[in-house]
Each structure stands twice: as structure tokens, then as C-alpha cells.
DNA sequence: TTGTATGCGTTATCAG
DNA sequence: CTGATAACGCATACAA
């Protein structure tokens with residue numbers, strides 16, 4: 024009893040029920056118990072019943088650690104994200120979890136707080152745990168990550184960005200192209216002076232790059248820019264707006280995350296700035312909140328959940344030994360036009 | 024090389040580098056390598072250097088699965104939440120991860136989708152993995168959960184609610200009392216007809232219960248109520264508001280989550296309903312968005328992150344063998360008054 | 001400070 | 001369909 028130290032001690036000293044104990048109770052060998060658990064169809068119904076009865080009676084809980092060591096399969100997938108607090112990533116994790124759960128795979132979670140060295144340390148730790156697969160965020164990694172993963176021959180899926188030669192597999196989209204599309208969309212609607220609010224991370228930087236390139240190409244001037252450390256706090260985005268206003272009044276603003284866009288929208292409400300009349304706002308990711316605020320936010324939809332599910336399916340396929348049809352899947356993105364632009 | 028099937032096969036057939044290999048290369052025994060990894064201060068500087076050189080040269084990655092089996096310590100904590108998509112829970116997970124990371128513990132994540140049987144299955148799976156600790160959401164569990172956990176003598180912390188006799192430890196607050204406080208707060212400000220929008224889960228139900236009890240005791244009539252399956256989608260909250268309006272116009276509404284409160288606020292903007300002039304809105308959890316919307320939301324702050332951190336500290340203490348000072352910690356809650364009421 | 005012997009609980013292999 | 005035996009790779013206990 025965990026709540027009761029003396030009792031607990033007694034139990035801890037009692038050796039826990041093992042497979043052989045079940046085997047003895049059922050009058051079979053321990054390998055038969057193993058099969059009852061892992062491939063029940065290989066046993067006769069009678070034996071199976073005996074074993075299951077013994078398992079229930081002894082309340083046997085198989086030690087999966089021992090199983091992992093023996094079989095060299097941990098039935099564990101690790102996912103590494105910058106932070107779980109940014110809902111774009113929790114959506115991806117949710118999708119991944121949903122894809123894996125029916126197959127009995129468990130999820131190990133690691134957060135880098137947007138620091139590459141942290142990612143490298145996590146990868147090392149997860150490889151030590153002999154995870155069966157790895158899901159990474161982004162395509163830029165600390166040196167050593169790529170080679171460690173490849174040496175371990177662990178299947179990996181990179182997400183949330185695109186490139187030609189992934190470590191192993193990739194399910195993502197082009198952030199640069201998405202940024203370009205945002206600029207083109209705004210330019211097409213006649214907005215000439217543009218601004219950008221986003222995070223400091225690699226992917227946000229790429230969206231900015233695409234946005235800026237297209238703005239220049241389209242004849243708009245320089246893009247007023249504010250970069251935030253946290254990347255998803257709406258209040259900070261509101262403050263960033265003031266900083267941008269300090270050096271001029273853009274006609275439209277693109278935010279690299281809907282939470283930031285929402286923060287900008289709320290700040291406009293406080294400042295009595297009409298949206299989209301005086302300032303058009305465009306978000307990114309198409310989170311639930313984008314469709315809920317007033318006016319509803321135009322956004323770029325990126326299928327965060329789908330990315331997680333696809334990553335899961337790619338890993339499962341690889342683990343089953345099926346060669347994947349495509350190692351790089353570009354899930355694309357789509358402009359969702361609403362009232363804010 | 025994961026990207027290259029033939030090579031991969033070759034590597035898979037090559038036996039991976041083990042501790043003995045490092046030991047041989049360094050001219051020591053394997054236990055010395057083990058100590059270099061786990062208790063380096065017990066080795067002479069010279070030996071330590073030799074071993075580390077060998078580790079680097081051979082690119083040795085310790086097999087933590089084998090270590091877990093031998094030491095009966097997995098350095099793994101499992102956390103089970105209804106869903107990671109609800110940011111109140113991702114905050115708690117974040118706090119937990121932050122508390123554990125410096126101590127080398129990894130996090131296993133399980134989602135129940137608000138289903139108790141799912142929780143029971145996850146607990147079973149995690150106990151099989153011999154996690155060193157378990158963090159559960161809420162105090163209501165499927166039958167068998169309590170006894171399984173106690174039999175395994177695995178430290179466990181329940182969160183997000185309160186009760187006298189936890190399975191083992193608890194870091195939470197009283198949802199019933201929080202609901203009462205919300206009602207009292209609104210009644211004190213003269214709002215007489217009250218409404219509630221929340222989820223269908225146990226904790227939301229308790230907030231409603233407290234809210235309703237206090238409303239009755241305070242002389243307000245029946246509480247118009249809408250229960251949502253998803254518990255955190257702002258658009259659904261907006262629709263729920265219409266349903267409530269169908270049977271009358273409350274003067275104030277309490278939402279069991281700030282995301283829902285925000286959705287109600289946005290719907291009011293669309294319907295041109297003044298907040299708080301015509302309808303006062305009160306949220307729950309004090310998420311970042313509460314302080315960002317216009318008008319800013321009055322909310323009940325519950326320290327979601329702190330709950331996770333405390334849960335982590337309680338587990339770490341227990342794992343170090345320190346008897347906890349308190350098995351039940353009530354983290355309380357606080358009304359954060361803003362412009363929406 | 002370092003080493004030896006042994007066990008952790010399961011699954012793979014091969015045999016029957 | 002069932003079983004005997006040998007790994008799996010590391011840590012603990014004890015010894016030197």
C-alpha cells in the first residue's frame with residue numbers, strides 16, 4: 024500500500040509475481056505464458072484459458088522492461104517538441120498519440136524550449152531507452168543528432184518543415200512558401216504596407232523570410248517586424264503591436280501563430296482600431312480560436328493533427344518493415360479566408 | 024543508416040556497442056564503465072578519463088532498458104490526462120516536465136479522452152513498464168485502478184481535484200469550493216440570474232455543483248446550464264450561449280474554462296451584447312488568453328503549472344525515500360478580477 | 001578505488 | 001501446439 028509505509032515495505036520486499044509463477048500455477052512452461060500474452064492464437068483454447076485464469080488469480084502484471092530487453096523492441100515512440108504549451112504542437116502530439124495508441128505504442132515526451140542543444144540531449148536519452156521511433160520538430164538540429172539517429176538505425180520522422188534530404192522520413196510543409204503565400208494573399212487584396220509578428224525559432228524565421236521576399240517582389244516596401252521569445256502568448260503580441268506602431272502604421276499584419284494574431288486583434292479592440300478596416304490581420308495554423316474571435320481570423324491552415332497522425336503511420340509502417348511509398352510528404356497548407364482581412 | 028535499407032540491415036546485424044566493449048577498450052572491467060556513467064565521483068580521475076575516451080571513441084550509447092531491469096528503476100514517470108489539447112492540462116504537464124527534467128526522469132504521456140476505462144488501461148500499461156511514479160488527473164478512477172497502483176507500490180499523485188483519502192499523494196484544489204466562490208463573487212456584485220457552461224467531466228460537474236449550491240443559497244434562482252462534450256472549444260461555447268438564451272437571459276455566466284469564456288465573449292461581440300453591461304462573464308483557470316481578450320476576463324486562477332511542478336517534487340521526494348511532509352496539498356485558487364464582470 | 005559473480009524477467013531459437 | 005535453454009545488457013552485493 025503506497026499510502027502506508029510499513030505495509031509498503033513488506034510488499035516491496037515480497038518478490039513480485041513473475042511469469043514463472045503464473046506458469047507454475049497454470050501447469051505450463053513460462054514461454055507458454057508469454058505466448059498467451061503476445062500471440063494467443065498460437066495456443067490451444069484450453070491452455071489459453073488455464074493461463075488466463077492463473078494471470079487473473081495472481082494479478083500478474085508482465086514486466087515490459089524485461090520484455091523490451093529480450094525482444095529489442097520497446098513499443099515506445101519519443102516525440103520532441105519545442106514546448107507543449109504552444110497548442111500547435113500539442114495538436115501534433117495528439118494526432119501522433121491517436122495513431123499509435125491502437126497499436127500499443129506508448130509516447131515519451133521531450134521539450135526543447137526551442138534550444139537545439141536540448142534536442143540533442145533528449146535524442147541521446149531516448150536512443151538510450153531504445154525507443155522504436157522518434158518524431159522531431161523542424162529540420163534543423165544540433166550537430167551529432169543526425170549521425171546518432173542514423174547509427175542507431177532508429178526510424179525518425181521530422182515534422183513542421185520541409186527539406187529534400189530528411190534524416191529518414193518527413194511529414195511537413197514549406198514554411199517559406201507559406202510565408203510567401205501570406206504576403207501574396209495580402210498584396211492581392213491591395214494591402215501595401217505589411218508587418219510581421221512571430222517567434223524567434225527557425226520555422227517562424229522561414230515564414231518571415233518567405234513573407235518578406237514576396238512583399239519585396241510584390242512592390243511593398245520593408246516589412247515592419249517584431250520577434251517574440253515565447254511565440255504563442257497573445258498578450259506579448261499585443262505589446263509587440265505598439266512597438267510596430269512606433270515606427271509607422273502598416274495596413275496589414277501577418278502573425279506566425281493564431282494566438283499571436285488573436286492578441287493583436289484584442290489590442291486593436293482596445294485601441295479602437297478597426298479590423299480589417301484600418302488593420303488587416305492574418306494568422307497561422309488555423310487553431311480553433313481563429314474561427315471563434317470577432318471578427319474571425321483569416322489564417323493559414325496547416326493540419327497540425329494530421330502531421331502527427333501521418334508521422335505515426337509512417338513510423339508504424341517502417342516498424343512493420345513495409346518500405347514507405349514516400350519518405351517526404353508535403354502536407355501543404357491552405358489559406359482560410361475569413362473576416363479579418 | 025535509417026534512410027538506407029541495405030546499410031540498415033548490416034548495422035542491425037552488427038551487434039551494438041556494449042558496456043564490455045567499452046570496458047575492454049579502456050582496459051577496465053565493465054562495472055567501472057557503469058560507475059563512470061552513474062557515479063563518476065567514485066572513480067579516480069585517470070580511470071574516468073580513460074573510460075570517457077573509450078565511450079566517445081566507440082560512440083557508446085548505454086542501454087537504459089537493461090539498466091532499468093537490473094536496477095528496478097526506470098527513471099520514468101507517467102502522466103495521464105484527459106487530453107493534451109486542453110491547455111489547462113498541457114500547462115500541468117509542462118510544470119511536471121520542468122520539475123523532472125533536471126533529475127533525468129523522462130515523461131510517458133497517456134490520454135484518456137475523458138474515459139475512465141481508458142485511464143485504467145493506461146495505468147495497467149504503465150505499471151507494466153515499471154514507471155517510477157504516476158500522475159493522475161482527478162480523484163475519480165475506474166475500479167481496480169486504486170488497488171493495482173497500491174499493489175505495485177508505485178508512488179502516485181492525483182491532481183486537479185481534492186479529497187481526504189488519496190490513493191497515495193495529492194496536489195490539487197477543491198472544484199466544488201471554486202464553483203461556490205464563483206457564484207458568491209457574482210452574487211456579491213449584484214448579478215442575480217446566473218448561467219453555467221462547462222464540460223461533462225467529473226471536475227467540471229463539481230464546479231457546477233458548487234456554483235449551483237451557492238446560487239440557491241444566495242437567493243438566485245435556477246442556473247441555466249449547458250454541458251459540452253469537448254470542454255475547451257470556444258466555438259462550441261458560443262453556440263451553447265444561444266441555447267441558453269433560448270430559455271431566458273441570464274445576467275452573468277460562469278464558464279468552467281477560459282477558452283469557453285472567451286468563446287462566449289466573442290459570441291457576445293457578434294450579437295452586440297455588452298460585456299459586462301448586459302452579460303457578465305467569468306472564466307476558469309486564468310489561462311494567458313484571459314488577460315488578453317477585450318474586455319479582459321475575470322477568472323479563477325488555479326496554478327495549473329504549479330500543480331505539475333508540485334506533483335513532480337512530491338514524486339521525487341518519495342523516490343528519494345523522504346517521507347512527505349503532507350500527502351495532500353490543497354493549492355487553492357484565487358479570483359482574478361478583471362473587466363468582464 | 002576496482003573487480004567478480006550473479007541476478008533482473010522476459011523472449012528467441014530450436015527441438016519435439 | 002508446447003517446451004528447454006540461452007541470450008538480452010546492465011547493476012547489485014560483496015570481495016579485494
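Chains as they are written, first to last, in this note's numbering: chain A, 24 to 364; chain B, 24 to 364. Idealized CB from N, CA, C, for every residue including glycine. All values reported here derive from a predicted model rather than from experimental measurement.
Can you list the residues of chain A that residue i reaches, using a CB-CB cut of under 8 Å?
i	result
residue 153 of chain B	86, 87, 88
residue 261 of chain B	315
residue 312 of chain B	257, 282, 285, 312
Any beta carbon of chain A sitting closer than 9 Å to that of residue i?
i	result
residue 282 of chain B	yes
residue 52 of chain B	no
residue 28 of chain B	Residue placement at residue 28 of chain B cannot be trusted, given a pLDDT of 30 that sits under 50; the coordinates are not used to answer.
residue 59 of chain B	no
residue 75 of chain B	no
residue 194 of chain B	no
residue 41 of chain B	no
What residues of chain B sit near residue i, judged by a beta carbon separation below 8 Å?
i	result
residue 104 of chain A	What residue 104 of chain A touches in chain B: nothing, since even the nearest Cβ is about 11 Å away.
residue 110 of chain A	108, 110, 113
residue 91 of chain A	88
Quick check: is the beta carbon of residue i nearer than 9 Å to any beta carbon in chain B?
i	result
residue 256 of chain A	yes
residue 55 of chain A	no
residue 16 of chain A	One cannot answer for residue 16 of chain A here, as it falls past the ends of chain A, which runs 24 to 364.
residue 38 of chain A	no
residue 299 of chain A	no
residue 99 of chain A	yes
residue 289 of chain A	yes
residue 174 of chain A	yes
residue 129 of chain A	yes
residue 276 of chain A	no
residue 293 of chain A	yes
residue 240 of chain A	no
residue 124 of chain A	yes
Among the residues of its own chain, which have a CB less than 8 Å from the CB of residue i, if the five just before and after it don't count?
i	result
residue 234 of chain B	202, 203, 205, 206, 217, 219, 246, 277
residue 345 of chain B	none
Apart from the five residues on each side of it in sequence, which residues of its chain come closer than 7 Å, Cβ to Cβ, to residue i?
i	result
residue 200 of chain B	233
residue 270 of chain B	247
residue 351 of chain B	189, 193
residue 126 of chain B	339
residue 81 of chain A	40, 44, 45, 48
Start and end of the beta strand (DSSP E) containing residue i?
i	result
residue 324 of chain B	321-324
residue 84 of chain A	Looking at the DSSP string, residue 84 of chain A is not in any beta strand (DSSP E), and its letter there is neither H nor E.
residue 158 of chain A	156-160
residue 181 of chain A	179-182
residue 129 of chain A	129-134
residue 218 of chain B	217-222
residue 353 of chain A	351-353
residue 248 of chain A	247-251
Locate the alpha helix (DSSP H) running through residue i, then write down its first and last residues.
i	result
residue 89 of chain A	87-94
residue 187 of chain B	No alpha helix (DSSP H) holds residue 187 of chain B; DSSP gives it neither H nor E.
residue 283 of chain B	281-294
residue 204 of chain B	198-211
residue 101 of chain B	Premise fails: residue 101 of chain B lies in the beta strand (DSSP E), 99-104, not in any alpha helix (DSSP H).
Closer than 7 Å by beta-carbon distance: list the chain B residues that pair up with residue i, in chain order.
i	result
residue 354 of chain A	Under the 7 Å cutoff, chain B gives no residues; its nearest Cβ is about 19 Å from residue 354 of chain A.
For residue i, collect the residues of the same chain with a Cβ closer than 6 Å to its Cβ; drop the 5 residues on either side in sequence, then sort them by chain order.
i	result
residue 114 of chain B	327, 328
residue 137 of chain B	105, 224
residue 284 of chain A	278, 304, 306, 320
Run down chain A in chain order and give the residues with a C-beta less than 9 Å from the C-beta of residue i.
i	result
residue 82 of chain B	170, 171, 174
residue 117 of chain B	106, 107, 108, 134
Along chain B, which residues have their Cβ under 9 Å away from the Cβ of residue i?
i	result
residue 120 of chain A	107, 132, 133, 134
State yes or no: is the C-beta of residue i nearer than 8 Å to some heavy atom of the ligand GDP?
i	result
residue 158 of chain A	With respect to the ligand GDP, the structure shown offers nothing to examine, as it has no ligands at all.
Query raised in the report: How about the region 281-289 of chain A and the region 164-173 of chain A: do they share at least three Cβ pairs that are nearer than 8 Å?
Result: The region 281-289 of chain A, when compared against the region 164-173 of chain A, does not touch it at the 8 Å Cβ threshold.
Query raised in the report: If you pair each beta-carbon of the region 341-358 of chain A with each one of the region 316-329 of chain A, do three or more pairs fall below 8 Å?
Result: yes
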